[in-house]
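**Q** First the structure, then my questions, so here it is.
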Amino acid sequence: MNKNTSLDKAQQILRQLRDSFLEELPERCDTIEDGILSLGNDADDEHFQRLYREVHSLKGSAGTHGIPAISTICHQLEDGLTTTRETTAPERIDLYLLYLDLIHRCIEIAHDKRPNYTEIDQALEDIRRHSSPHLLSGLIVENSPAMIALYQGALAEQPVQLAVEQDGMVALNRLLHERFDLLIMGAETRTLNGIGVLYALRAANGINRHIKVILVSSSQRQSFAPSLEPDMLVPRGPEMIPNLAGAVAEIIRQARD
Amino acid sequence: MSSNELQRILFIEDEADIQAVAQVALEAVGGFTVKICSSGEEALQAAEAFAPQLILSDVMMPGMDGPMTLLALRRLPALVDIPAIFMTAKVQPQEVAQLRTAGAMEVIAKPFDPMTLAQQIKDIWRQCHA
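Line by line, the protein sequences are chains A and B. Every letter in the first sequence is one number past the one before it in my numbering, and letter 174, counting from 1, is 174. Every letter in the second sequence is one number past the one before it in my numbering, and letter 25, counting from 1, is 25.
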């Protein structure tokens with residue numbers, strides 16, 4: 001068998017595996033749904049851990065089969081399960097079931113001739129807005145744990161839900177698939193620096209192309225290609241924290257208007 | 001085949017879905033001979049008889065996780081020097097550094113692209129033996 005035939009055969013097997021995954025997915029969703037519904041019945045920690053593992057496992061499988069939309073849904077469901085300990089509250093259970101509805105919708109979309117998961121991004125954004133007390137969703141991308149702690153401290157009182165990434169490539173991948181309102185970007189990050197992330201974000205036709213970007217840099221002056229500049233440049237130094245807090249407050253004010 | 005050419009990979013992964021896709025990626029696309037184990041314990045049972053040239057392991061697994069499994073495998077005389085690669089969805093620099101400290105020569109991000117995984121492993125192998 002020549003190399004091309006062998007690769008064609010591999011792709012065919014991968015397609016079959018993906019089809020089997022989609023076929024078995026409703027059953028996996030049923031298991032997760034049972035787990036979610038049982039959270040209201042004095043579920044113990046073991047039950048909770050089992051549910052979490054199911055969701056985590058589905059996240060990995062979906063990504064491996066090339067359906068990142070399901071991975072993103074599972075990621076948010078995982079976040080909900082881990083960050084909210086009052087998991088038995090009826091409104092939380094309703095929220096988790098909304099995520100399952102979206103997975104079912106993904107199964108339908110996956111069977112389309114040209115699958116388009118754009119509506120899933122929007123639906124996830126709607127769920128987030130309705131379930132979170134925060135006004136905006138932000139992503140901090142910064143290499144240094146000490147700087148991350150400083151940013152988080154400066155913005156603790158602001159109505160912004162903050163996620164954190166330390167690696168530029170990982171952050172970019174997240175920015176291409178998950179909706180944010182605000183990006184706070186350190187200039188010196190690993191694998192892809194802040195300018196690289198910013199350029200890729202603006203150049204890609206993704207969901208976060210037009211979000212507000214605050215670049216935190218040790219350089220006081222930087223030149224940027226036209227239309228690729230950050231919305232605000234905050235120099236590192238003694239005034240960094242008040243300047244950052246002010247920049248975010250201004251973005252929140254604009255969002256409220 | 002030169003003695004330095006990578007052929008035999010011990011792959012440790014608990015998720016059946018990922019095992020299946022990786023098997024296609026490594027055997028059909030990469031041309032490797034692969035022994036798949038679903039747990040660290042199973043890997044310890046099978047490793048010496050299989051005599052791998054490379055250990056490719058998931059990190060988060062029930063029971064023995066990836067680093068624990070590698071530590072245990074390295075106690076087997078035949079596997080003391082066998083290079084290892086971890087696969088994980090957590091590719092934050094601190095976690096990667098921890099996995100390297102645990103003995104990994106490289107860390108591959110999950111989800112992986114099944115059509116390029118084998119080449120990625122070949123590249124790492126080549127760099128390791130350059």
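Idealized CB from N, CA, C, for every residue including glycine. Predicted, not measured: the structure shown is a model, and the values here were computed from it.
1) Restricting to runs no shorter than 3 residues, where is the beta strand (DSSP E) found entirely within the stretch 58-108 of chain A?
2) Listing by chain order, which chain B residues have their CB less than 8 Å from the CB of A:Leu17?
3) In the DSSP assignment, find the alpha helix (DSSP H) that holds A:Ile120 and state where it starts and stops.
4) Assuming A:Leu102 and A:Ile67 form a contact by the criterion Cβ under 8 Å, report the distance between their Cβ atoms to the nearest whole angstrom.
5) Using only CA atoms, which one of A:Gln222, A:Ala245, A:His56, A:Ile211 lies nearest to A:Glu178?
6) Report the three-state DSSP secondary structure of B:Met1 (helix, strand or coil).
7) Would you say A:Phe21 faces chain B, with C-beta separation under 8 Å as the test?
8) Buried or exposed: which applies to B:Leu71, given that a residue is buried once 16 or more other Cβ atoms fall within 10 Å of its Cβ?
9) Going by alpha carbons, who is nearest to B:Ala28 out of A:Glu250, A:Leu14, A:Ile109?
10) Going along the chain, which residues of its own chain have a beta-carbon closer than 8 Å to the beta-carbon of A:Asn204, five neighbours each way excluded?
11) Taking only runs that begin and end inside the stretch 82-124 of chain B, name each unbroken beta strand (DSSP E) of 3 or more residues, in chain order.
12) Can you name the residues of chain A whose CB is closer than 7 Å to the CB of B:Ala28?
13) Can you give me the start and stop residues for the beta strand (DSSP E) that B:Ser57 sits inside?
14) With H, G and I counted as helix, E and B as strand and the rest as coil, what does DSSP make of A:Glu165?
15) A:Val164 to A:Asn2, Cα distance in whole Å?
16) Would you mind telling me which residues of chain A sit closer than 7 Å to B:Ala89, beta carbon to beta carbon, in chain order?
17) How would you label B:Met68, buried or exposed, when you count the other beta carbons within 10 angstroms and need 16 or more for buried?
18) Where DSSP assigns a beta bridge to A:Pro235, which residues make up the other side?
19) What does B:Pro83 touch in chain A if you count any residue whose Cβ is under 9 Å from its own?
20) So, helix, strand or coil for A:Lys3, using DSSP?
21) For B:Lys110, go through chain A and note every residue whose CB falls closer than 8 Å to its CB, in chain order.
22) Which residue or residues does DSSP assign as beta-bridge partners of B:Phe11?
23) If you measure beta-carbon to beta-carbon, which residues of the stretch 219-237 of chain A are closer than 8 Å to chain B?
24) Run the CB neighbour count on B:Asp58, radius 10 Å, all protein chains shown included, and call it buried at 16 or more, exposed below.
25) Helix, strand or coil, according to DSSP, for A:Val197 in the structure here?
26) Since A:Ser57 meets chain B, which of its residues come closer than 7 Å, beta carbon to beta carbon?
27) Give a yes or no on whether the C-beta atoms belonging to B:Ile121 and B:Gly30 are separated by under 8 Å.
28) Tell me the DSSP secondary structure of A:Leu192 in three-state form.
29) Going by C-alpha distance, which of A:Pro242, A:Ile252, A:Gly194 is nearest A:Phe224?
30) Closest Cβ-Cβ distance between A:Val197 and chain D: below 8 Å?
31) Taking DSSP's pairing of strands, which residues face A:Gly138 in a bridge?
32) Given a threshold of 16 other Cβ atoms within 10 Å of its Cβ, counted over all protein chains shown, does A:Asn243 qualify as buried or as exposed?
33) If the criterion is Cβ atoms closer than 8 Å, does the pair A:Gln158 and A:Ile252 meet it?
34) How many whole angstroms separate the CB atoms of A:Thr189 and A:Asn143, which I take to be in contact at a CB cut-off of 8 Å?
35) Give me the chain A residues within the contact set of B:Pro77, using Cβ-Cβ distance strictly less than 8 Å, ordered along the chain.
36) DSSP has A:Lys9 in a bridge; who is on the other side?
**A** Quick look at the numbers:
1) none
2) Those within 8 Å of A:Leu17 in chain B are Asp17, Ala20, Val21, Val24.
3) 118-131
4) Contact between A:Leu102 and A:Ile67 does not hold, since the beta-carbon distance rounds to 12 Å and is not under 8 Å.
5) Looking only at A:Gln222, A:Ala245, A:His56, A:Ile211, the smallest Cα-Cα distance to A:Glu178 is reached by A:Ile211.
6) Any reading at B:Met1 needs caution, since the residue's pLDDT is 48, under 50, leaving its predicted position unreliable; the model's value is listed next. Here B:Met1 sits in coil by DSSP.
7) yes
8) exposed
9) For the residues A:Glu250, A:Leu14, A:Ile109, the minimum Cα distance to B:Ala28 belongs to A:Leu14.
10) Per the sequence presented here, residue 204 of chain A reads as Ala, with Asn not at that position. Closer than 8 Å at the Cβ level, and outside the excluded window around A:Ala204, lie Leu176.
11) Counting only runs of 3 or more, we get 84-88, 106-109.
12) Ser6, Lys9, Ala10, Ile13
13) 54-58
14) In the three-state DSSP reduction, A:Glu165 falls in the strand class (E or B).
15) 46 Å
16) Gly60
17) exposed
18) A:Pro235 is bridged by DSSP to A:Ser217.
19) Result: empty, since nearest Cβ-Cβ is about 22 Å, beyond 9 Å.
20) helix
21) Gly60, Gly63, Thr64
22) Looking at the DSSP assignment, B:Phe11 forms a beta bridge with B:Ile36, B:Leu56.
23) Nothing from the stretch 219-237 of chain A brings a Cβ to less than 8 Å from some Cβ of chain B.
24) B:Asp58 comes out buried.
25) For A:Val197, the three-state secondary structure derived from DSSP is helix.
26) Glu15
27) yes
28) coil
29) A:Gly194
30) Checking the listed chains, one finds no chain D in this structure; the protein chains it contains are A and B.
31) A:Leu162, A:Leu182
32) buried
33) yes
34) 5 Å
35) Neighbours of B:Pro77 on chain A: none; closest Cβ ~34 Å, over 8 Å.
36) Note: A:Lys9 sits in no beta bridge, so no partner.
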